[in-house]
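A.B. asks: Residue numbers (our numbering): 127 to 973.
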């Protein structure tokens, strides 16, 4: 297209309005329409990063763009930007042909329209503090439960998209149970809700689930991913830690609805609060959930900076929703984050008296100081027991040693060694060569003391044996030392006890410090109040300043993602200029202000979202809503998505009534493939045999499964490895999922347990099949589904009748004892049906 045609096209576009924006949105919005184009295609070379900027041109700033004539407001023909994007000449064409960037015709037309309208800029929407948006008025027959619906319905009306009907009650109680507690409702709970005709039936269900102690467990899961929580360090040898104490604090804080500002401040700087409580110090372990490299060749200071950079990335992602890691080596190429901003903020985190490498408290426990010692009642009792054994053995052991020493000393003095065969200290050997009569009292005492010291050292070292009594005493001492090293809970926490100078690092290299910097918050965001301290505590409180543009938005967006599968901003980790402009920005800002004005109550926001008509919609896709909104961007229906693996495991355990619902405590070791940790056993220093749990510990919720960072649980197929901060949902439906859920002992054993219980409680096949269906899917089977179940059950029963040994083999899976009174053929056949229902798409899907 030549320039004349381009101009004509631009004016035709203005007058006719291509179907790019709708209604009163036809006029260009810089943040919505233009910034994404420039950010993706231009800012890399013509943006904030001065070191890599080309032609001294900044397209992220209007002043520079005007001065360079890249943009001539209202004059498309004269604007160099338009000339370059329309050029066919490889030497002048922008983006350059070899840049792997390409502007579509639609994007070029948008840029032309923008300049024709005046080429106005606007500050990036996410860097402007949210304000209370006016709630749209809705006319017509719609279901409106709260202002969320007004915002959603206004968009639906604008685009002529109908609102979906409310989901049926069985779907709603299943959906709420998945989202709020992660456990299935019992058939009785389902029927009670279905038959409850009170106007507040739904709201009462919401309140009951919000008050459940399992609410905190469910809501902790995404936070643990964001905090990169694990029960081991990672890297070679992968030492264990005590970070589960922090995990339990998170569950308690969520159950108690600790306001999000306090929830955050405690985790970022709880140790710096005046008269910090034990709980506040425990909370600060959030920023000690990092990897810790204990490899032999690891350089302590280098690893300390690795930890620092990780801490910065985790903090920025969680509260600012920004990818600040880019500024570790250079000014950010897209967002207005300079290296100075990065290292000035890092100064607040550069005061921890950590070494960067772990201290080996035992062959298993490897943590880095500072730590908070938290002896449990069980630990204290065992410690007293071991100490008592030592105290009881000490006197007879001392007597035995004294007797042994006298006997040994007599032998030495009678036949003093004339060489160093006995490896006596040089001074002792020298004295022994002197005749006893020639020794002064002082020299004689020196000899006796020297012999006693040497003897005691050899006895303690096991070289000499005093007596069996002494062996009992030393063994008790060893058990106590081992117990203290391995069993005393030592939680890694934060501390500012070692202030250091912080420098900008040349290309992020810790050995190349440049200019010294002191703590400050990023310059493009609101400044730190003079009343706030210049440390982590000041930073944490700054996040909740009324004019802060990011904190509330970032958090309500992640709440929305929890309930709808995707956030109002689709990139929860990135609210920067490269993020997609939120289609429901007005709703996002309204929610952000609402969160702040509700005093940062997380439960209040969860209640608000799940009681909305938008949340309660059916997820059924109709030809009409699919045609008008195939991606459900306007939320004309509920999203349905696969439950995460951790919930699928819990669902099977709870449906079969095998689950152990104990809350909190040490991690457990449920079923895993044989030899799963053997690859870690590269030295003989430590046994990496998987210490499988037994009894009820096999059936704890997935939250409590031991999380080895280098080898995460094999049946958690879509979970984060917890090696880095992750805030975006990652749901999958791979073949590995089916292989796991059809063969893993957890599901096979749960199917058997459910079959045994169902057979015991019901006599007819129809009642049994119906009960299994209801327990897993929260609804009764249709007549056709029941026919399929009967036929499948009959086939399975016939097969096992012909091959009873196969039934016994199938029922032998798992550690739970079999019901010897049950008919094994019936149990095996029904267990196969249970396993099949566990693997139905509906069973694995949050609808």
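Quick reminder that beta carbons are idealized off the backbone N, C-alpha and C, glycines included. Bear in mind the structure is a predicted one, so any value in this text is a computation, not a measurement.
Using the beta-carbon count (16 or more within 10 Å), is residue 423 buried or exposed?
C.D. replies: Within the chain shown, the letter at position 297 stands for residue 423. It counts as exposed.
A.B. asks: Beta-carbon within less than 6 Å of residue 991's beta-carbon, same chain only, minus the 5 sequence neighbours each way: which residues are those?
C.D. replies: There is no way to answer for residue 991, as the model of the chain reaches only from 127 to 973.
A.B. asks: Return the first residue and the last residue of the beta strand (DSSP E) that residue 628 is part of.
C.D. replies: As a first step, residue 628 must be located in the chain shown, where it is residue number 502. From DSSP, the beta strand (DSSP E) with residue 628 extends over 628-631.
A.B. asks: Quick check: what's the CA-CA separation for residue 232 versus residue 481?
C.D. replies: Numbered from its first residue, the chain shown carries residue 232 at position 106. Numbered from its first residue, the chain shown carries residue 481 at position 355. Going by the C-alpha atoms only, they are around 54 Å apart.
A.B. asks: Would you say residue 497 faces chain B, with C-beta separation under 8 Å as the test?
C.D. replies: The structure shown contains no chain B; it holds only a single protein chain.
A.B. asks: Take the Cβ of residue 914 as the centre, count every other Cβ of all protein chains shown within 10 Å, and call the residue buried at 16 or more, exposed below.
C.D. replies: For the purposes of this step, residue 914 is taken as the residue at position 788 of the chain shown. Classification of residue 914: exposed, given that the 10 Å Cβ count is below 16.
A.B. asks: Let me know the secondary structure DSSP gives residue 334 once reduced to three states.
C.D. replies: As a working note, residue 334 is residue 208 in the chain shown. Note: residue 334 maps to helix in three-state DSSP.
A.B. asks: Could you work out which residue in 155, 667, 338 and 168 is closest to residue 704 when comparing CA atoms only?
C.D. replies: Working through the chain shown from its first residue, we reach residue 704 at position 578. For residue 704, the nearest C-alpha among the options comes from 168.
A.B. asks: In angstroms, rounded to a whole number, what distance separates the CA positions of residue 151 and residue 243?
C.D. replies: What you label residue 151 is simply residue 25 of the chain shown in a count that begins at 1. What you label residue 243 is simply residue 117 of the chain shown in a count that begins at 1. Its pLDDT being 49, under 50, residue 151 is placed unreliably in this model, and the value from its coordinates should be taken loosely. Computed Cα separation, rounded: 14 Å.
A.B. asks: Please list, in chain order, all residues of the same chain as residue 416 whose beta carbon is under 6 Å from its beta carbon, the five residues on each side excluded.
C.D. replies: Position 290 of the chain shown, counting from 1, holds the residue named residue 416. So the list reads 433 and 436, once near-sequence residues are dropped.
A.B. asks: Please report the distance separating the alpha-carbon of residue 970 from that of residue 764.
C.D. replies: As a first step, residue 970 must be located in the chain shown, where it is residue number 844. As a first step, residue 764 must be located in the chain shown, where it is residue number 638. The alpha-carbon atoms of residue 970 and residue 764 are separated by roughly 16 Å.
A.B. asks: Which first and last residues belong to the beta strand (DSSP E) in which residue 641 is found?
C.D. replies: Along the chain shown, one-based indexing puts residue 641 at 515. Its beta strand (DSSP E) spans residues 639-643.
A.B. asks: Please list the terminal residues of the continuous beta strand (DSSP E) segment that includes residue 618.
C.D. replies: Position 492 of the chain shown, counting from 1, holds the residue named residue 618. Taken as a continuous stretch (DSSP letters only), the beta strand (DSSP E) holding residue 618 covers 616-618.
A.B. asks: Looking only at C-alpha atoms, which of 527, 549 and 472 sits nearest to residue 625?
C.D. replies: Residue 625 sits at position 499 when you count from the first residue of the chain shown. Cα-wise, what sits closest to residue 625 is 472.
A.B. asks: Whose C-beta lies closer than 6 Å to the C-beta of residue 694 among residues of the same chain, with five residues either side of it excluded?
C.D. replies: One-based indexing of the chain shown puts residue 694 at position 568. Cβ neighbours of residue 694 beyond the five flanking positions: 683, 686, 708, 710 and 714.
A.B. asks: Beta carbon of residue 580, beta carbon of residue 554: below 8 Å?
C.D. replies: By one-based count along the chain shown, residue 580 stands at place 454. By one-based count along the chain shown, residue 554 stands at place 428. Cβ atoms of residue 580 and residue 554: closer than 8 Å.
A.B. asks: In this structure, what does DSSP give as the bridge partners for residue 491?
C.D. replies: Counting from 1 along the chain shown, the entry for residue 491 is found at position 365. Residue 491 is bridged to 366.
A.B. asks: Would you list the one or two residues that DSSP bridges to residue 358?
C.D. replies: The residue you call residue 358 lines up with position 232 of the chain shown. Note: residue 358 sits in a beta bridge opposite 366.
A.B. asks: Below 6 Å CB to CB, which residues in the same chain sit around residue 547 once its five sequence neighbours on both sides are set aside?
C.D. replies: Numbered from its first residue, the chain shown carries residue 547 at position 421. Its pLDDT being 47, under 50, residue 547 is placed unreliably by the model, and the measurement read from it follows with that caveat. Cβ within range, chain order: n/a, list empty.
A.B. asks: From which residue to which residue does the beta strand (DSSP E) around residue 497 run?
C.D. replies: As a first step, residue 497 must be located in the chain shown, where it is residue number 371. Taken as a continuous stretch (DSSP letters only), the beta strand (DSSP E) holding residue 497 covers 497-499.
A.B. asks: Could you give the residue range of the alpha helix (DSSP H) that holds residue 688?
C.D. replies: Position 562 of the chain shown holds residue 688. Element bounds for residue 688: 677-690.
A.B. asks: Can you name, in chain order, every residue of its own chain whose Cβ lies under 7 Å from the Cβ of residue 926, other than the five neighbours on each side?
C.D. replies: Counted from its first residue, the chain shown places residue 926 at position 800. Contacts found: 932, 933, 951, 954 and 955.
A.B. asks: Following the continuous alpha helix (DSSP H) through residue 696, name the residue where it begins and the one where it ends.
C.D. replies: Working through the chain shown from its first residue, we reach residue 696 at position 570. Segment: none, residue 696 is in no alpha helix (DSSP H) and carries neither H nor E.
A.B. asks: What residue does the alpha helix (DSSP H) around residue 242 start on, and which one ends it?
C.D. replies: The count along the chain shown starts at 1 and reaches residue 242 at position 116. Segment 231-242, the alpha helix (DSSP H) holding residue 242.
A.B. asks: Could you check if residue 226 is buried or exposed, using at least 16 other CB atoms within 10 Å of its CB as the buried criterion?
C.D. replies: Reading the chain shown from its first residue, position 100 is the one you call residue 226. Classification for residue 226: exposed.
A.B. asks: Would you call residue 342 buried or exposed, if buried means 16 or more other Cβ atoms sit within 10 Å of its Cβ?
C.D. replies: Taking the first residue of the chain shown as 1, we reach residue 342 at position 216. Burial call: buried.
A.B. asks: State the beta-bridge partners of residue 743 as determined by DSSP.
C.D. replies: One-based indexing of the chain shown puts residue 743 at position 617. DSSP lists 292 as partners of residue 743.
A.B. asks: Go ahead and label residue 254 buried or exposed: buried means 16 or more other beta carbons lie within 10 angstroms of its beta carbon, across all protein chains shown.
C.D. replies: The residue given as residue 254 occupies position 128 in the chain shown. Flag for residue 254 reads exposed.
A.B. asks: Which residues mark the beginning and the end of the alpha helix (DSSP H) in which residue 280 is found?
C.D. replies: What you label residue 280 is simply residue 154 of the chain shown in a count that begins at 1. Residue 280 -> alpha helix (DSSP H) spans 273-284.
A.B. asks: Helix, strand or coil, according to DSSP, for residue 767 in the structure here?
C.D. replies: Along the chain shown, read from residue 1 onward, the residue named residue 767 stands at position 641. Note: residue 767 maps to strand in three-state DSSP.
A.B. asks: Should residue 257 go down as buried or exposed, given a rule of 16 or more other Cβ atoms within 10 Å for buried?
C.D. replies: Here residue 257 refers to the residue found at position 131 when the chain shown is read from its first residue. Classification of residue 257: exposed, given that the 10 Å Cβ count is below 16.
A.B. asks: Taking a contact to mean a Cβ-Cβ separation below 8 Å, would you say residue 440 touches residue 700 in this structure?
C.D. replies: Numbered from 1 along the chain shown, position 314 holds the residue referred to as residue 440. Numbered from 1 along the chain shown, position 574 holds the residue referred to as residue 700. It is not a contact, given that the beta carbons lie outside the stated cut-off.
A.B. asks: Would you mind listing the alpha helix (DSSP H) stretches within the region 873-941 that are 4+ residues and don't spill past its ends, in chain order?
C.D. replies: Counting whole runs of 4 or more residues, the region 873-941 contains the alpha helix (DSSP H) stretches 891-903, 909-928 and 930-937.
A.B. asks: Looking at C-beta atoms only, is the number of pairs between the region 343-351 and the region 304-316 that lie closer than 8 Å three or more?
C.D. replies: At 8 Å Cβ cutoff, the stretches touch.
A.B. asks: Taking all protein chains shown into account, decide if residue 958 is buried (16 or more other Cβ within 10 angstroms of its Cβ) or exposed.
C.D. replies: Taking the first residue of the chain shown as 1, we reach residue 958 at position 832. It is buried - the Cβ of residue 958 has at least 16 other Cβ atoms within 10 Å.
A.B. asks: Nearest to residue 799 by alpha carbon, out of 817, 617, 285 and 383?
C.D. replies: Here residue 799 refers to the residue found at position 673 when the chain shown is read from its first residue. Ranking the options by Cα distance to residue 799, first place goes to 817.
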